[in-house]
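Below is one structure; the comments refer to it alone.
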Amino acid sequence: MRRPPVGWFTGSLVRATSLTDSARSLTFSVPGWPGNLAGQHVDLRLTASDGYQATRSYSIASVGPDTDVELAVERLPDGEVSPFLVDDLEVGDSVELRGPLGGWFVWRPEHPEPVQLIAGGSGVVPLLAMTRAHTDARSTVPMQLLYSLRTPEDALYRDELQQRSSTTPTTWHYTRTVPPGWTRAAGRLTPDDLRSATLPPERGPLTFVCGPTGFVETVARGLIDLGHQPDSIRTERFGGI
Amino acid sequence: MAIFGGRRRNDNPNLPPGQHLTESFPVLSAGPTPSISADDWEFSIRTEGGDIHRWSWQELLALPAEDVTVDIHCVTSWSKLGTGWRGVSLDTLFADVDTGLDYVMAHSYGGYTTNLPLEEVLEGRAWIAYEYDGEPLDPEHGGPARLLVPHLYFWKSAKWVRGLVMQDDDYPGFWEENGYHLHGDPWREERYA
Ligand SMILES: Cc1cc2nc3c(=O)[nH]c(=O)nc-3n(C[C@H](O)[C@H](O)[C@H](O)COP(=O)(O)OP(=O)(O)OC[C@H]3O[C@@H](n4cnc5c(N)ncnc54)[C@H](O)[C@@H]3O)c2cc1C
Chain A
2 MRRPPVGWFT
12 GSLVRATSLT
22 DSARSLTFSV
32 PGWPGNLAGQ
42 HVDLRLTASD
52 GYQATRSYSI
62 ASVGPDTDVE
72 LAVERLPDGE
82 VSPFLVDDLE
92 VGDSVELRGP
102 LGGWFVWRPE
112 HPEPVQLIAG
122 GSGVVPLLAM
132 TRAHTDARST
142 VPMQLLYSLR
152 TPEDALYRDE
162 LQQRSSTTPT
172 TWHYTRTVPP
182 GWTRAAGRLT
192 PDDLRSATLP
202 PERGPLTFVC
212 GPTGFVETVA
222 RGLIDLGHQP
232 DSIRTERFGG
242 I
Chain B
31 MAIFGGRRRN
41 DNPNLPPGQH
51 LTESFPVLSA
61 GPTPSISADD
71 WEFSIRTEGG
81 DIHRWSWQEL
91 LALPAEDVTV
101 DIHCVTSWSK
111 LGTGWRGVSL
121 DTLFADVDTG
131 LDYVMAHSYG
141 GYTTNLPLEE
151 VLEGRAWIAY
161 EYDGEPLDPE
171 HGGPARLLVP
181 HLYFWKSAKW
191 VRGLVMQDDD
201 YPGFWEENGY
211 HLHGDPWREE
221 RYA
């Protein structure tokens, strides 16, 4: 399939919502944006007054033909770009966006397989887009999310995910602090957690894993140990260790 | 209006346009990291005549190795300068290979593929690398061995490489079919098709 060349667009910030203490949802109005599939990302470029530029990749939380593009950015303490996007960028400000990018880590409503989504931290963003696409398409394909977080306060889009629990249910997992009354102690995802909270290999699922690099490595290896075929596991690594 | 300051300014002339420096070593892969033991590892070059040139792990290690220090550039915009690798030059591996075709498809354990013009992997421009920074190459970064083609974006440096197949045209590999540029020169910002 040949696509038109991917170009740069100007996006002006039309809406900004704080998601947690360290993350913010940013919606840009992007004239000419061709629309995007669930799971794709953009390159976002900032230019300083002396012409210096910095570019980073961000997954797209929104899906479909709309020219409003929503991103969700988590602040990394020493970061160059993310603190600016989370703390400083104001409604009316412009950034440059290139995309939509990526043709592999995408979910299309035509995919017949049941879908297991596994997110670590802000890795939930492209997976949230997949649950949105599932809802928009009124898909009847089973889709469920396992969402691993440090603490309950770190959840992005909790209300939205909970509202969708009858069609795309979420299993919450906490690695540092659990909510009051939670039966499972805080801790890393174990092979048992993976076994009990994900679709088993016998159901032939397509599994999408997204998050920090170390999280993706551990989960992908765990899935293979459970008997999943490597080519049924699609991964996106956000960086870090 | 918020003013972007930018804290990673760098006028290093070795940094291609749109790239920034990283001290860490990010990982970009489409799927799980395959685990391949050196005992099962094999590398081959296949030509149009059906000839297959094969090397086991021991045979690869027995070939003359080179230590190279190169800059690497990932399409997701990080670059790492002055990285140290040890491996076998493709010139050595192609010494007895007879082909009239101009392109190669690199194949990896795990199914990944990437296309390259033959002339861009010869004359000291590409290696099968098995050490990084003086240590055996980590599986995450492509170990036991990966292709190293530092003058192109790093997705061309196929991790877990298991062979090269000659091809008569520049047919696209995995990322190239998924929207990335056929060639991938960082100095010309050949990122996306
Ligand atoms: C395909 C793709 C999609 C992405 N989608 C999102 C998204 O939807 N939301 C989002 O918030 N981020 C996302 N990221 C990460 C994002 O691109 C940036 O890496 C991140 O915002 C840090 O940029 P920075 O300029 O603030 O930090 P930098 O100045 O680049 O780096 C600061 C330090 O943090 C390290 N670091 C970089 N990334 C991470 C990480 N993820 N975790 C821990 N340490 C890290 C760096 O190695 C460096 O030492 C995505 C990355 C990729 C490759």
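Residue numbers (my numbering), protein chains in the order written: chain A, 2 to 242; chain B, 31 to 223. C-beta atoms are modelled at their ideal positions from N, C-alpha and C, and glycine is treated no differently.
- If you check the CB distance, Y222 of chain B and G209 of chain B come in under 8 Å.
- Sequence-distant Cβ neighbours of P153 of chain A in its own chain, meaning closer than 6 Å and more than five residues away, are P180.
- Distance from the C-beta of S149 of chain A to the nearest heavy atom of ligand 1 is not below 7 Å.
- Nearest CB-CB separation between I119 of chain A and chain B: not below the 8 Å threshold.
- If you check the C-beta of T52 of chain B against ligand 1, you find a heavy atom less than 7 Å away.
- Interface residue (Cβ-Cβ distance to chain A less than 8 Å): A136 of chain B is not classified as such.
- Under the three-state reduction of DSSP output, Q49 of chain B falls in the coil class, being neither helix nor strand.
- For V116 of chain A, the secondary structure class from DSSP, reduced to helix, strand or coil, is strand.
- The beta carbon of V127 of chain B sits no closer than 8 Å to any beta carbon of chain A.
- By a beta-carbon distance limit of 8 Å, Y142 of chain B does not contact Q197 of chain B. Their separation comes to about 16 Å.
- For L45 of chain B, the nearest beta carbon of chain A is not closer than 8 Å to its own beta carbon.
- P206 of chain A is positioned such that its CB atom lies closer than 8 Å to that of V116 of chain A.
- The contact set of L131 of chain B on chain A, defined by CB atoms closer than 7 Å, is empty, because the minimum CB distance reaches about 24 Å.
- Secondary structure note for Q197 of chain B: its beta strand (DSSP E) is the uninterrupted segment 191-197.
- Residues of chain B whose Cβ lies closer than 8 Å to the Cβ of G33 of chain A do not exist, since the nearest Cβ in that chain is about 16 Å away.
- Looking only at B:D81, B:L111, B:G36, the smallest Cα-Cα distance to S54 of chain B is reached by B:L111.
- Among the residues of chain A, none has a CB under 7 Å from the CB of G172 of chain B; the nearest is roughly 13 Å distant.
- Taking 7 Å as the cut-off, the C-beta of P84 of chain A counts as close to a heavy atom of ligand 1.
- For A73 of chain A, there is no enclosing alpha helix (DSSP H); the residue is found in the beta strand (DSSP E) stretching over 69-75.
- One finds G48, S107 in chain B with Cβ atoms closer than 7 Å to the Cβ of T56 of chain A, taken in chain order.
- Per DSSP, H135 of chain A is one residue of the alpha helix (DSSP H) stretching across 125-137.
- Taking C-beta atoms under 8 Å as the contact rule, L14 of chain A and L72 of chain A fail to qualify, at a distance of about 10 Å.
- In terms of CA proximity to E149 of chain B, B:M135 leads the group B:L91, B:Y160, B:M135, B:G80.
- Not one heavy atom of ligand 1 sits closer than 7 Å to the Cβ of H174 of chain A.
- The beta carbon of P180 of chain B does not come within 8 Å of any beta carbon belonging to chain A, so the residue lies off that interface.
- With a threshold of 7 Å, the Cβ atom of V217 of chain A does not count as near ligand 1, since no heavy atom of the ligand is closer than that.
- Non-local beta-carbon contacts of R133 of chain A in its own chain, meaning distances under 6 Å to residues more than five positions away in sequence, involve V64 in chain order.
- Residue range 171-175 is occupied by the beta strand (DSSP E) that includes W173 of chain A.
- Looking only at A:Q163, A:P84, A:L224, the smallest Cα-Cα distance to R25 of chain A is reached by A:P84.
- By the Cβ neighbour-count rule, S19 of chain A is exposed, with fewer than 16 other Cβ atoms within 10 Å of its own.
- Close CB contacts of G228 of chain A within its chain, under the 7 Å cut and outside five residues either way in sequence, are with P202 (chain order).
- A Cβ-Cβ distance of about 4 Å is found for the pair F34 of chain B and L47 of chain A, placing them in contact under the 8 Å criterion.
- Between the beta-carbon of G124 of chain A and that of F216 of chain A there is about 7 Å, and that keeps the pair under the 8 Å contact cut.
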